[in-house]
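Q: According to the numbering used here, the stretch in the sequence shown is residues 215 to 401, in order. Below is one structure. I have some questions about it.
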Amino acid sequence: AILLVMCLVIGSCPVWAVASNDDFVIENGVLLKYTGTSKNVTIPSGITSIGDRAFRECHFLFRIVFPDTLKRIGNRAFEKCDSLVSVSIPNTVISIGDDAFSDCDSLNEVTIPSNVTSIGNNPFGHCGNLERIEVNDGNSFFSSYDGVLFDARANRLLAYPKGKSATSYKIPSSVTTIANSAFGGCN
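This is the structure we're talking about:
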């Protein structure tokens, strides 16, 4: 209670604040909503899915730790978490939803695990500092070249990181399709 009052009075929580299980709305293994104000959040073990918009606009969220039971990250799950600097997606995740991490301006690098088989539209759109999207070896559905996300055969360009410092980009000759918003937010 004291921490909550302090967070409300000064407008932010101290870095050492940690989420409690009372900060989560959970139903049948799905984390539906995060109601806390901690900067560092560890999602409880047993969660298999993060629901759509579960952490949307958690502007204070700095770091998130996912459980090894996680399989799905929902649409817009972390949209506009503009203080989020780092995510380590566990290898158990198979699906990342539409706009899952869009508008996370502090995020600078993301690695797609080898078991991910589905990625929605614009998963990292408008992430102003995102310089690289990497894909773990062994992923048969997605690939990354020079920090740019493609399907496995590099026929479809899925996402170009907004924070890349290059002033130009030559699309590989293998590309036949460019996903909607693949270059969203790029200058």
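Virtual Cβ for every residue (Gly too), placed ideally from N, Cα, C. Nothing here was measured: the structure is a model prediction, and the numbers come from that model.
#1: Considering only residues of the same chain and omitting the five flanking positions on each side of D360, which have a CB-CB separation below 7 Å?
#2: Just to confirm the assignment, what range does the beta strand (DSSP E) spanning Y359 have?
#3: I392 and R367: beta carbons closer than 9 Å?
#4: Run through DSSP, which three-state label would D236 get?
#5: Taking all protein chains shown into account, do 16 or more other C-beta atoms lie within 10 angstroms of the C-beta of K294, making it buried, or fewer, making it exposed?
#6: Would you report the Cα separation of G243 and I261, rounded to the nearest angstrom?
#7: So, helix, strand or coil for V223, using DSSP?
#8: Under DSSP, the beta strand (DSSP E) around E345 begins and ends at which residues?
#9: Just to confirm the assignment, what range does the beta strand (DSSP E) spanning Y248 have?
#10: Is W230 helix, strand or coil when you go by DSSP?
#11: Out of S354, P327, I310, G377, state which residue places its alpha-carbon closest to the alpha-carbon of N336.
#12: Closest by CA to N254, which one among D237, E241, R267, D266?
#13: Can you give the beta carbon distance from G342 to D312, rounded, assuming they're within the 8 Å contact cut?
#14: Return helix, strand or coil for A373, following the three-state DSSP convention.
#15: Give the DSSP-derived three-state secondary structure of R270 in the structure shown.
#16: Please report the straight-line C-alpha distance between I333 and G288, rounded to a whole angstrom.
#17: Taking 8 Å as the threshold, find out whether the region 379-395 comes into contact with the region 348-357 through three or more Cβ pairs.
#18: Could you tell me whether the Cβ atoms of R286 and S263 are closer together than 9 Å?
#19: Can you list, in chain order, the residues of its chain whose CB lies under 6 Å from that of P281, leaving out five sequence neighbours each side?
A: Taking the structure as given:
#1: To locate residue 360, count along the sequence shown from 1; it is residue 146. No residues qualify anywhere along the chain.
#2: Counting from one through the sequence shown, the residue named residue 359 turns up at place 145. Counting along the chain, Y359 sits inside the beta strand (DSSP E) bounded by residues 356-359.
#3: As a first step, residue 392 is located in the sequence shown; it is residue number 178 there, counting from the start. As a first step, residue 367 is located in the sequence shown; it is residue number 153 there, counting from the start. Against a cut-off of 9 Å, the Cβ pair of R367 and I392 comes out as no contact.
#4: Counting from one through the sequence shown, the residue named residue 236 turns up at place 22. Under the three-state reduction of DSSP output, D236 falls in the helix class.
#5: Sequence index remark: in the sequence shown, residue 294 carries index 80 (1-based). Flag for K294 reads buried.
#6: As a first step, residue 243 is located in the sequence shown; it is residue number 29 there, counting from the start. As a first step, residue 261 is located in the sequence shown; it is residue number 47 there, counting from the start. Cα-Cα distance, rounded: 5 Å.
#7: Numbered from its first residue, the sequence shown carries residue 223 at position 9. Low confidence applies here, because V223 scores a pLDDT of 44, under 50, leaving its location unreliable; read the following figure in that light. Residue state, collapsed to three classes: helix.
#8: Taking the sequence shown and counting its residues from 1, one reaches residue 345 at position 131. Where E345 is concerned, there is no enclosing beta strand (DSSP E), given that its DSSP letter is neither H nor E.
#9: Looking up residue 248 in the sequence shown gives position 34. Taken as a continuous stretch (DSSP letters only), the beta strand (DSSP E) holding Y248 covers 244-248.
#10: For the purposes of this step, residue 230 is taken as residue 16 along the sequence shown, with counting starting at 1. Note that W230 has pLDDT 38, beneath the 50 cutoff, so the model's placement of it is unreliable and no number is given.
#11: Numbered from its first residue, the sequence shown carries residue 336 at position 122. Among S354, P327, I310, G377, the Cα nearest to that of N336 belongs to I310.
#12: On the sequence shown, position 40 is the one that residue 254 refers to. Of D237, E241, R267, D266, the residue nearest in Cα terms is D237.
#13: Taking the sequence shown and counting its residues from 1, the one referred to as residue 342 is at position 128. Taking the sequence shown and counting its residues from 1, the one referred to as residue 312 is at position 98. Not quite, the Cβ-Cβ distance comes to about 19 Å (not below 8 Å), so this is no contact.
#14: Position 159 of the sequence shown, counted from the start, is the residue given in the question as residue 373. The answer is strand: DSSP assigns A373 an E or B state.
#15: Residue mapping note: residue 270 aligns to position 56 of the sequence shown, counting from 1. Correct three-state label for R270: coil.
#16: In the sequence shown, the residue the question calls residue 333 occupies position 119. In the sequence shown, the residue the question calls residue 288 occupies position 74. Looking at the two C-alpha atoms, the distance is approximately 10 Å.
#17: no
#18: Position 72 of the sequence shown, counting from 1, holds the residue named residue 286. Position 49 of the sequence shown, counting from 1, holds the residue named residue 263. Against a cut-off of 9 Å, the Cβ pair of S263 and R286 comes out as a contact.
#19: Position 67 of the sequence shown, counted from the start, is the residue given in the question as residue 281. For P281, where only same-chain residues beyond five positions count, the Cβ hits under 6 Å are I257, S259, I261.
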